[in-house]
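Numbering (my numbering), first residue to last: 1 to 477. Think of the CB as a built atom: it goes at the ideal place given N, C-alpha and C, for glycine as much as any other residue. For reference, the structure discussed in these notes is given below.
This is how it looks when you write it as structure tokens:
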């Protein structure tokens with residue numbers, strides 16, 4: 001109301017002057033003069049409303065395109081090259097179809113559930129069918145909560161950027177059950193999962209009234225929201241659907257690792273939009289996030305390569321590209337919080353541990369995670385989320401003033417364990433635990449419902465002969 005009064009006061013003065021009331025009349029009233037002085041002081045003290053910034057908006061448009069490229073064609077090629085020849089088209093079809101399906105669902109309800117309202121657990125219906133989307137001013141995330149986060153980009157750009165995250169997350173899950181799920185069941189499960197699992201967790205972590213946001217969980221670009229979420233869902237799906245016929249006795253050799261190398265390379269480049277774009281500005285924090293992303297990825301690729309070389313005697317193309325993706329995953333929650341040294345440690349640890357999880361852990365536990373969705377994304381996301389609490393630095397995190405209010409309250413405030421904040425690791429563990437619990441339970445229930453209604457798995461002869469011809473009537477040759 002004060003802001004409205006301050007905006008209206010000059011117009012009132014003009015109107016009064018227009019009808020002949022002298023401006024000095026207000027000054028002759030001591031109470032009016034005092035009120036005017038107080039209003040002027042309040043106006044001077046009030047923070048300026050954020051303004052649209054062309055440079056930031058341009059960077060976010062580019063970042064949005066880069067992240068979309070991660071799914072199509074990046075992930076499609078990465079997964080498509082790793083399956084057998086008879087399932088290549090069905091695999092790339094899954095990524096492309098999910099892109100289309102989630103785009104429509106995000107428009108209808110997904111964005112609203114994730115990024116509106118005032119609730120702690122799920123958003124509202126304020127942007128149902130993107131109703132009321134404001135493209136004329138700088139977007140304030142969570143403005144209705146009273147503690148909104150101002151940006152310098154229009155809301156449609158923010159909405160589209162977040163849409164690309166909502167797209168790639170369920171697409172990642174498909175790697176866990178490659179070669180054996182019905183296409184129709186995949187579409188139904190993906191739609192339900194996006195609404196019941198993805199949107200609420202995005203709200204928890206990234207929206208100002210979300211309960212994990214309030215808890216202080218650090219997730220710069222999606223370690224919990226995207227990677228742990230997708231990895232855990234993939235593990236549950238692999239367990240519910242069951243192993244591929246012949247696994248692990250038969251060899252399931254990749255059809256074309258050149259395709260996978262190209263896909264991994266597109267993922268690497270696209271991830272600069274994923275992580276650096278999550279700064280929402282073209283500023284110093286985006287630059288540090290980009291550097292951290294690249295360094296961690298290279299470190300993880302080398303960590304996996306040398307671990308494989310030592311254990312198996314030979315380094316492989318599949319190994320080095322899997323290691324790179326593990327590094328991209330692990331640095332995602334940390335990218336805007338850590339310096340390059342923290343990033344490379346996170347990357348190396350992720351490369352070695354994900355090599356173990358993808359080559360040993362799944363054999364020890366007996367599950368069939370076909371393309372290592374859990375082994376890379378679930379485990380890598382967990383490593384990155386927890387190590388963010390270790391290596392987070394206030395100097396990096398506050399490079400654009402994002403933690404100014406925290407430092408104003410406590411000039412000695414720190415973020416990570418190495419800076420003296422031991423509580424940060426416990427907070428990160430809680431964020432991981434809540435994400436894993438909800439994702440695992442909800443994913444299991446959704447899969448069981450879809451299985452009862454329409455079945456999850458293709459017939460045995462379809463699985464044996466290949467999904468391309470049976471489900472889509474096409475083959476690559």
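Would you call the CB atoms of residue 435 and residue 224 closer than 8 Å?
-> yes
Pull up the CB-CB distance for residue 372 and residue 358, whole angstroms please, since I reckon it's below 8 Å.
-> 4 Å
Does the distance from the CB of residue 211 to the CB of residue 120 come in under 8 Å?
-> yes
Look up residue 460 in the DSSP assignment and say whether it is helix, strand or coil.
-> helix
Do the CB positions of residue 95 and residue 145 come within less than 8 Å of each other?
-> no
Under a three-way DSSP split, which group does residue 391 fall into?
-> helix
Cβ-Cβ separation, residue 387 to residue 346 (assumed contact under 8 Å), whole Å | 5 Å
Beta-carbon proximity check, residue 176 vs residue 234, cutoff 8 Å = yes
Output the boundary residues of the beta strand (DSSP E) element that contains residue 151.
-> 149-154
Measure the C-alpha to C-alpha separation of residue 343 and residue 323 and round it to an integer number of angstroms.
-> 15 Å
Integer Cβ distance of residue 72 from residue 99, believed to fall under 8 Å | 5 Å
Hey, does residue 158 have any beta-carbon neighbour from chain E nearer than 8 Å?
-> Absence of chain E from the displayed structure is noted, only one protein chain being present.
Could you tell me whether the segment 416-424 touches the segment 142-160, where touching means 3 or more Cβ pairs closer than 8 Å?
-> no
Ranges of the alpha helix (DSSP H) found wholly within the segment 232-296, counting only runs of at least 4 = 257-276
Assign residue 311 to buried or exposed, taking buried as 16 or more other Cβ atoms, counted over all protein chains shown, within 10 Å of its Cβ.
-> exposed
Reduced DSSP category for residue 374 - H, G, I as helix; E, B as strand; rest coil | helix
Count the other CB atoms, across all protein chains shown, that sit within 10 Å of the CB of residue 23; report buried if there are 16 or more and exposed otherwise.
-> Unreliable placement is indicated for residue 23, whose pLDDT of 37 sits below 50; the coordinate value is still reported in the next sentence. Exposed: under 16 other Cβ atoms inside 10 Å.
Would you say residue 105 and residue 194 are within 8 Å of each other, going by their C-beta atoms?
-> yes
Secondary structure of residue 141, DSSP reduced to three states | strand
Tell me the DSSP bridge mates of residue 181?
-> 457
In chain order, what residues of the same chain lie with their CB nearer than 8 Å to the CB of residue 241, ignoring the 5 residues before and after it?
-> 177, 180, 181, 447, 456, 457
Residue interval of the alpha helix (DSSP H) (run including residue 81) = 76-82
Leaving out five residues before and five after residue 187 in sequence, what residues of the same chain have Cβ atoms less than 7 Å from its Cβ?
-> 97, 101
Classification of residue 464 by the beta-carbon crowding that lies within 10 angstroms, buried from 16 upward = exposed
How many angstroms separate the CA atom of residue 293 from the CA atom of residue 202?
-> 21 Å
Helix, strand or coil for residue 219, going by three-state DSSP, please let me know.
-> coil
Segment contact, 8 Å Cβ cut-off, at least three pairs: the segment 327-335 with the segment 271-284 | yes
Does the segment 352-370 come close enough to the segment 294-308 to have 3 or more Cβ pairs within less than 8 Å?
-> yes
Kindly indicate which residue of 69, 404, 393, 70 has the alpha-carbon position closest to the one of residue 288.
-> 393
Just the Cα atoms here: how many angstroms apart are residue 80 and residue 383?
-> 26 Å
If you draw a straight line from the alpha carbon of residue 136 to that of residue 53, how long is it in whole angstroms?
-> 12 Å
Would you say the segment 390-408 touches the segment 248-267, given that touching needs at least three Cβ pairs under 8 Å?
-> no
Going along the chain, which residues of its own chain have a beta-carbon closer than 7 Å to the beta-carbon of residue 368, five neighbours each way excluded?
-> 238, 243, 244, 247
List the endpoints of the continuous alpha helix (DSSP H) containing residue 417.
-> That residue, residue 417, is in no alpha helix (DSSP H); it is neither H nor E in DSSP.
Three-state class that DSSP yields for residue 399 in the structure shown | coil
Could you spell out the range, first to last residue, of the alpha helix (DSSP H) harbouring residue 102?
-> 88-105
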